[in-house]
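Residue numbers for the sequence shown follow numbering that gives the first Met the number 0, so the first one is 0 and each next one is one higher.
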Amino acid sequence: MKLSTREDIDAPLDEAFAAVSDFDYLERQILRRGVQIARTDTLTEPGMGMAWRGDVTWGTQAYDVRCKLAEWGPPNSVLLLAESGGLSCELELNLSALARHSTRLRAAMTVRAHAFREKMLLHSLQLAKSRLSRQFEEIVRGYAHDAGRRAAAA
0 MKLSTREDID APLDEAFAAV SDFDYLERQI LRRGVQIART DTLTEPGMGM
50 AWRGDVTWGT QAYDVRCKLA EWGPPNSVLL LAESGGLSCE LELNLSALAR
100 HSTRLRAAMT VRAHAFREKM LLHSLQLAKS RLSRQFEEIV RGYAHDAGRR
150 AAAA
C-alpha cells in the first residue's frame, strides 16, 4: 500500500531540509506520543547508518519496530526503512526548491506485508485507504508547517 502527498514549506531549501531531518526533534516528538524509542547506532552526526528501535502499541497489538536511515542526500532526500515482524515500511522524503524562500516536500510511504497475518492486516487497511490517506496528508501538513516554523526561528 502506498500513500503520498506534498506540502510547501515557507523556508529556503537548506533550512527546510535541516528542519525536516532534525532527528533529535523527531525523537522527542515520538516520545511525547507515548512510543518508547531509542537510538541503536553510535553516530554523532546525521547520516547513513542511523538506527532506532521502538515499541509501538496499535490497538491491542504490540510491535517491536526497527528503523534505519537508508538514504541521506542533503539537501534533497531522506529514506527511512522500518520493519516489524512481517511488515516493512519505506518513508521517502524529497525536497525541492520552488523559489528562494519556498520548498516543496514530497512524502511517500509504502507498506508491504511479508507474512500471512500481516497480509490480512494490510488488506483490511486497504479498505480504509481513503481515511488513511487523509490522515497521512494531515500529518505531513502539520510536519511541514512545523518545519517551516522551526526554520524561520533558526
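We put the beta carbon where it would ideally sit given N, CA and C, even for glycine.
| Check | Outcome |
| --- | --- |
| Given I29 as reference, the closest of D54, E6 and A10 once Cα atoms are compared | D54 |
| Supposed close pair R5, L104 - CB separation, criterion 8 Å | 6 Å |
| Complete runs of the beta strand (DSSP E) confined to the segment 60-106 [at least 3 residues] | 60-72, 76-83 and 86-98 |
| Rounded distance between the beta-carbons of A152 and A15, thought under 8 Å | Actually they do not touch by this definition, with Cβ atoms about 13 Å apart. |
| CB of R164 within 7 Å of CB of R52, strictly | Any answer about residue 164 is impossible in this case: the structure gives the chain only from 0 up to 153. |
| Enclosing beta strand (DSSP E) for V55 [first to last residue] | A50 to W57 |
| Whole-Å CB distance - A150 paired with A18, under 8 Å assumed | 4 Å |
| Nearest-angstrom Cα separation, counted from K118 out to A143 | 31 Å |
| Between the CA atoms of V110 and C88 - distance to the nearest angstrom | 4 Å |
| Whether L12 touches A98 by CB criterion (7 Å) | no |
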